[in-house]
Structures are given as C-alpha cells and as structure tokens.
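Read top to bottom, the protein sequences are chains A and B.
In case it helps, the numbering used here puts the first sequence at residues 5 to 220.
In case it helps, the numbering used here puts the second sequence at residues -14 to 200.
Idealized CB from N, CA, C, for every residue including glycine.
Just so it is clear, the structure is predicted and the values come from calculations on it, not from any experiment.
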Amino acid sequence: MKADTVGAITPAVLVQLRPGEKILAQHEIMLHMDGPVKVARKTLKQLGVSRAHLMGMSARGDSEEEYYLAEFEGPGNVTFSRDKAGEVRILDLAPGQVVRLRSGHLICFDETVQYYPTVLAQWVVQRGNDREIEYLFADQLTGPGTIVFQSYGNILSFTLSPGEAIRTTPEGLLMTTPTNTVQVGWRQNAAALGVPTAQPVLDVVGPGAILVHSGV
Amino acid sequence: MELETLKGVVPAVLATLAPNESVYCEHGIMLYMDPTVTVGRKTIASGGALSTLKRTTVGGIPFFLSEFTGPGSVSFSRDGVGEIRDIELGPGEVLDVAEGSLLCAENRIPYAMEYVQGTHRLGRMVGFWMDRLTGPGKIALHGYGNIISMTLSPQEKVTCDYGALLFKSGSVQARSLNLPFGSGLLGKMEAYEVLELIGPGKVALQSVDPKKPHS
C-alpha cells in the first residue's frame, strides 16, 4: 500500500490500494473510500490467533474491537482517522521485524504483516478492599509490510543501548521492540491525608527502540 | 457582512455587521459581541408540527436559532479543534451542512432542514438531519479536525463514515448503506454502516467525528 498523512493537528491517513491489494484496519475508523474498494470482515481466528488466546485476552478485559478487523481491497483510495489530535507514523517492517504497539493506536497494515494481540505489562492495584489486576494491551506486528499508527499528542523516539533504561508511565508508552524488557515499578507520591500513595511506572530496558507519546 | 477567521488550534469566526444587518447561528455558540449588537430569536419553520416534534425529540435539533443584528462585531466558536471555512453561496446555490457545524449565516439565506434516512436496522434505525442553506449569501462553517474537499462528477460515488460528512451540495445524494461485512450469523448481526454520496457536486469531509470524544 501507499500511505500518506493528510492534515496536521488531527491527521487522517490516505491509503492508495492497487487492484487486489488488501489491507487490514481497526473497525469503524474509516473516514471515506472510493466506490470500487471492497470491504470485508476478518476475524482474529482467520489471522491465526487461537480461540484460547482470545478467550484469555477477553478474560483480562481486552477491548471488543479486537475480535475482528476490517479488510479493504483495492483498487481505490481509503482514508482513516482516529478522531484525535496526534501524529501519524508510517513504518515499513522488514521480514521478521517485530514491534509491539499499544492497543487502540493501530490504524491499518498490509495483509502480509502478522497480527497478534498481547499483554505488554500487568500490575496489581488496591481499590478499597479489592485487589485488581490492570493490563497494558498491545498489538504485536511482525513484518514484512507497512503499518500505520497514530499517537495521541506528540511522539518522542528513543533508541536504548544494552542495559540502558527509561522510565515512563503506562499511559505514555506507545511502542517498543521485543528486544526491550518492560518492568513495572512504583513511584511513591506524597502522602495525601496521611496515607502514602503509589503510582505504577514502566521501566523499559534496552537494547531496542521505544516510542513515547505525550497525550492520553 | 464581513467574515474573518480567527485562526488557531480552536478557531473562531468574527462577523462584522453593518447597521440592521443580521446573522443567525445555533444557540449557545456566541463567543463575544459588541454592546451595540442586539440579540433575537429566529424560529425554525420547516415541515410542520409533527416533523418539528420528530426533529427536536429524536434528532436533538433545537427549536430556534439565535439572531444577531448590527452595527458591530460578533464572534462565534464551536469549541473544537479544527478548521473554519467561509463560503459565499451563489444565487440559488444549495448547501447541506452537518448538524452542529454551522457557525453563522447571513440572515437573507433561507434556513431549512434536510433529512437523510437511516438504514432501518439496529444501530442506525433513524437517520440524521442537515442544515439546508440556499444562497445568495455568506456562511461560515467549522470542520472538526482537518477538512478534505472533493468535487464529484455525475454518478461518481464516495463512501464515508457518518461523522465524516461536513457539507455537500444540494445536488449530491446521501444514502445510508450497510456494507456486506462477513458471513454467518455474526456477519448478519454486525453491520458496517456508512454513508454513500453520489455526485454531481461538492463534498467536504472532516477528519474528526464531533459525536465521538475528541481532543
């Protein structure tokens, strides 16, 4: 596919498809498309995600939109928008190259890209008398092919050397390569009403690439 | 009437009115105005009592518009990230504008409502209303996000999301569609509801659906 960014503050993505060329996109983010473009549904099972894995993700509270994706087949143009202010990135993945993108930020990808939903990090929070597990879900994408995604706010890019670490929040992490390890830590806040509080943070340790975004 | 866009991330429009010149807008979007400007109410007369009841209760369209009369300046804002377009309509030119996008229009422009039917299926049972404006006169519109403009040839089609349509020429037909979306029971239950626009005429789309939460 040939993808271009349209607009600046709340960008859209214009994808030009050749005859028979197929891309997959998250459901209901299509802005407009030409008459000849065909649309179909692709379940995650059809993409090679096992039922057991999907049930496991669902039990953890993964979003409903990821049970299936929309497939668009050329010839023609399709535009997508995530209805948010931010930056769009178009990334060409080499064969076997893997990235893990925060869930809810993927726009579209070539059908040659392998898609697999995964959990990037998890931590326990205390809510009153209850202990609950929170998860950071991610879309694991394996090349070859082009992927398009959007951040909320601006993107900050880092390349970490072996053992080099960067600390971010669960909301701030946008993308990481699987060569990085993601560890959950806790940042102690000032005591409120005499009760100390803590906030989860993510320590990402290299080597690898990481993208952080400034919005939520 | 002179229209000036006050540019920025969340833009506004400034209308400068000569004595006894008027503009109308949706109630509640006035940002500021000179003390010499007077405010009145403009009743929407379109389609009779039952149609008004359906439009206001189901569609959420207001009963009346606000009218501002010069001399002086009045500014309007839709409180959203986006772009503003000032358009001068030619005599008899008809423009259908998405509900919630009109900033202001000269008072000599007749205001009516255009109903686009839904798919009559769950999820999009009821259609939606657009503001129908007929020239001559000047109007200002707010597009949420970025505006993408195109001109359709006769019978040329473009398919778009419901929230994407900002405005279309009166000659462009809008039709609700359920795209075939997979097979089996899930495929029949799930719908991919879109809007098909058929030329000839101008179409403008916006990159942010104002009915969805946006930043």
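Here the alpha carbon of ALA89(A) sits roughly 33 Å from the alpha carbon of ASP19(B). In chain order, HIS31, GLU32, MET34, VAL43, ARG45, ALA74 make up the part of chain A whose C-beta sits under 9 Å from the C-beta of TYR177(B).
At a cut-off of 8 Å between beta-carbon atoms, GLY52(A) makes no contact with chain B.
Under DSSP, the beta-bridge partners assigned to GLN144(A) are ARG104(A), TYR120(A).
Leaving aside the five residues that flank GLY112(B) on each side, the residues in its chain whose CB is nearer than 8 Å to its CB run, in chain order, TYR100, VAL101, GLN102, GLY103, SER161.
The C-beta of MET59(A) has fewer than 16 other C-beta atoms within 10 Å across all chains shown, which makes the residue exposed. ALA(-3)(B) sits away from VAL8(B), with the two beta carbons spaced by 8 Å or more. Residue state for HIS217(A) is assigned as strand, using DSSP reduced to three classes. Interface annotation, ILE133(B): in contact with chain A, CB-CB separation under 8 Å. Distance from the CA of GLY55(B) to the CA of GLU32(A), rounded to the nearest whole angstrom, comes to 45 Å. Chain B has a Cβ within less than 8 Å of the Cβ of ASP87(A).
For the region 33 to 91 of chain A, the full-length beta strand (DSSP E) segments reaching 3 residues or more read 34 to 38, 42 to 47, 72 to 77, 80 to 85 along the chain. Counting along the chain, no beta strand (DSSP E) covers THR104(B), and no H or E run does either. Within 10 angstroms of the beta-carbon of ILE137(A) lie fewer than 16 other beta-carbons, which makes it exposed. Residue pairing for GLN187(A): DSSP places it in a beta bridge opposite ASP207(A).
For ALA29(A), the uninterrupted beta strand (DSSP E) segment begins and ends at 26 to 29. Contact annotation: in the region 129 to 153 of chain B, residues whose CB is within less than 7 Å of a CB in chain A are GLY130, ASN131, ILE133, LYS142, VAL143, THR144, CYS145, ASP146, ALA149. Contact residues of the region 154 to 166 of chain B toward chain A are LEU164, PRO165, PHE166 (C-beta to C-beta distance below 9 Å).
For the region 81 to 93 of chain B, the set of positions with a beta-carbon nearer than 8 Å to some beta-carbon of chain A is empty. As far as DSSP is concerned, THR42(B) takes part in no beta bridge. With at least 16 other beta carbons inside 10 angstroms of its own, ASP143(A) counts as buried. Counting only runs that start and end inside the region 4 to 69 of chain B, the alpha helix (DSSP H) elements of at least 4 residues fall at 33 to 42. The three-state reading of DSSP puts ALA149(B) in helix, counting H, G and I together. Under a criterion of Cβ atoms nearer than 9 Å, no residue of chain B is adjacent to VAL216(A); the nearest Cβ is some 17 Å distant. Assignment of beta-bridge partners to ASP8(A) by DSSP yields LEU18(A). Contact between LEU164(B) and VAL43(A) is confirmed by a C-beta separation of about 5 Å, below the 8 Å threshold.
Taking one beta carbon from each stretch, the region 141 to 160 of chain A and the region 91 to 104 of chain A have 3 or more pairs nearer than 8 Å; the two touch.
From the beta-carbon of LEU35(B), no residue of chain A is found nearer than 9 Å; the closest lies around 33 Å away. For the set VAL209(A), GLN101(A), GLN20(A), the Cα lying nearest the Cα of GLY167(A) is the one of VAL209(A).
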